[in-house]
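Numbering (our numbering), first residue to last: 5 to 368.
Glycine included, each C-beta is placed from N, C-alpha and C at the ideal position.
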């Protein structure tokens with residue numbers, strides 16, 4: 005059986021590696037001429053990453069154990085968190101592609117998919133016969149478009165730079181009220197600073213950074229898919245993983261852990277002939293759905309709402325929840341928050357019934 009993986013990011017490389025390790029003939033096609041560029045990622049992974057693979061000095065460039073979450077009025081929460089890993093995406097992507105190569109995957113660079121017809125992949129004038137196609141080609145997935153799986157997608161625009169600023173502490177700063185969210189993430193000796201928003205991302209970024217005096221070394225902007233509960237990720241012998249399947253945390257834009265998880269799920273489904281449309285929901289749907297509802301709810305927050313929320317979370321018992329729980333295990337975290345502070349149910353009027361009913365997409 006010939007398996008073709010389109011896309012050389014984490015989802016594609018890891019999926020190709022897992023399939024090749026089981027003895028399948030796997031080819032990976034990347035449209036660009038090198039792996040890992042351009043960078044369009046903040047590259048901060050929650051502690052859940054430990055469950056997926058061991059962090060390595062080959063790609064981890066910083067470890068973070070504290071965060072500050074800011075309110076519009078200047079107040080903030082500062083709290084310990086479980087260890088987060090800041091990675092160099094270029095090194096991480098190449099780490100995974102080398103694992104795939106060593107497992108026997110054949111890598112083709114400069115191969116831009118232009119058509120799929122009768123199990124034949126077209127790359128301009130070049131073509132390849134295949135049996136299975138895995139689309140790991142990002143939020144604007146060509147595989148999804150050519151197969152009719154690219155439907156009703158929504159995106160944030162992320163504007164980010166990496167550079168030097170006058171900030172010495174090793175703390176992640178998060179600003180949930182700027183656009184959809186904004187961040188300052190320390191790397192090894194620099195910072196990644198960015199804003200994600202549906203509209204005017206660059207304008208918001210300029211306003212956010214005007215007093216930071218950044219010495220920019222790299223621009224790293226891109227689009228961020230919003231999780232679609234109705235997404236179909238399999239159509240016959242075509243599968244979607246990672247950002248190509250919108251498998252992303254809507255509250256933060258984080259998607260690397262979900263890319264690796266979906267790569268594991270799809271490889272198992274291909275090897276054991278399981279229904280991928282059902283299997284991914286068992287492991288990922290509930291968590292990503294809660295992140296989506298939180299994102300939609302918080303998008304309606306006023307400055308007063310944010311000020312109130314940050315004040316509440318500055319209490320000792322709330323900080324303990326933020327310290328002890330993983331954002332990748334969001335359901336457990338939200339249950340603890342609700343039990344600790346029932347008055348937060350005052351925000352229930354920020355949620356619409358039409359948004360809540362999307363949960364039933366899980367059963368379709």
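Selected residue, minimal CA-CA separation from residue 61, among 96, 168, 173, 355
96
Which ranges would you report for the alpha helix (DSSP H) in the region 95-162 if only whole runs of at least 4 residues count?
146-151
What three-state label does DSSP hand residue 8 in the structure shown?
strand
Which whole-angstrom value describes the C-beta separation of residue 295 and residue 336, a residue pair presumed to lie in contact below a C-beta threshold of 8 Å?
So it is not a contact: roughly 13 Å between Cβ atoms.
So, using beta-carbon positions, are residue 265 and residue 7 closer together than 8 Å?
no
Three-state secondary structure (DSSP) of residue 244
strand
Entirely enclosed alpha helix (DSSP H) segments - the region 26-109, minimum 4 residues:
93-106
To the nearest angstrom, how far is the alpha carbon of residue 197 from that of residue 10?
30 Å
Using a threshold of 8 Å, state whether the C-beta atoms of residue 33 and residue 127 are closer than that.
yes
Neighbour-count burial assignment, residue 304, 16 or more Cβ in a 10 Å radius:
exposed
So the candidates are 227, 40, 248, 257; which of them puts its Cα closest to the Cα of residue 235?
248
Evaluate residue 299 with the Cβ neighbour count: other Cβ atoms within 10 Å of its Cβ, from every protein chain shown; 16 or more gives buried, anything less gives exposed.
A residue is called buried once 16 or more other Cβ atoms fall within 10 Å of its Cβ, and residue 299 is buried on that count.
Quick check on DSSP: helix, strand or coil for residue 280?
helix
For residue 351, which of 319, 194, 364, 306 has the nearest alpha-carbon?
Considering only 319, 194, 364, 306, the residue with the shortest C-alpha distance to residue 351 is 306.
What do you get for residue 140, buried or exposed, if any count of 16 or more other CB atoms within 10 angstroms of its CB means buried?
buried
Between the CA atoms of residue 327 and residue 83 - distance to the nearest angstrom:
7 Å
Could you say which of 47, 153, 231 lies nearest to residue 240 if we only look at CA atoms?
153
Which same chain residues end up closer than 6 Å to residue 310 when comparing Cβ atoms and leaving out the 5 residues on each side of it in sequence?
75, 76, 181
My parser needs the beta strand (DSSP E) runs of 3 or more residues fully inside the region 268-325; what are they?
none
Only counting the same chain, and skipping five residues up and downstream in sequence, which positions put a Cβ closer than 6 Å to that of residue 176?
68, 71, 189
According to DSSP, is residue 198 part of a helix, a strand, or is it coil?
strand
Please classify residue 339 as buried or exposed, where buried requires at least 16 other C-beta atoms within 10 Å of its C-beta.
exposed
Less than 8 Å separating the beta-carbons of residue 232 and residue 279?
Contact: no.
Considering just the uninterrupted stretch of the beta strand (DSSP E) at residue 222, what are its terminal residues?
Following the DSSP letters along the chain, one finds residue 222 inside the beta strand (DSSP E) bounded by residues 219-223.
For a test of the three-state rule: what should DSSP assign to residue 210, helix, strand or coil?
helix
Would you report the Cα separation of residue 123 and residue 250, rounded to the nearest angstrom?
24 Å
So which of 230, 217, 145 has the shortest CA-CA distance to residue 297?
Answer by Cα proximity: 230.
Output needed for residue 119: all residues of its chain with C-beta closer than 7 Å, excluding positions within five of it in sequence on either side, in chain order.
126, 150
With distances taken between CB atoms, is the gap from residue 142 to residue 219 smaller than 8 Å?
no
Spatially closest choice to residue 133 from 31, 79, 343, 262, by CA coordinates
31
Quick one: grab the DSSP three-state call for residue 350.
helix
Just to confirm, is the Cβ distance from residue 271 to residue 246 under 8 Å?
no
Residue 259 to residue 193, Cα distance in whole Å?
24 Å
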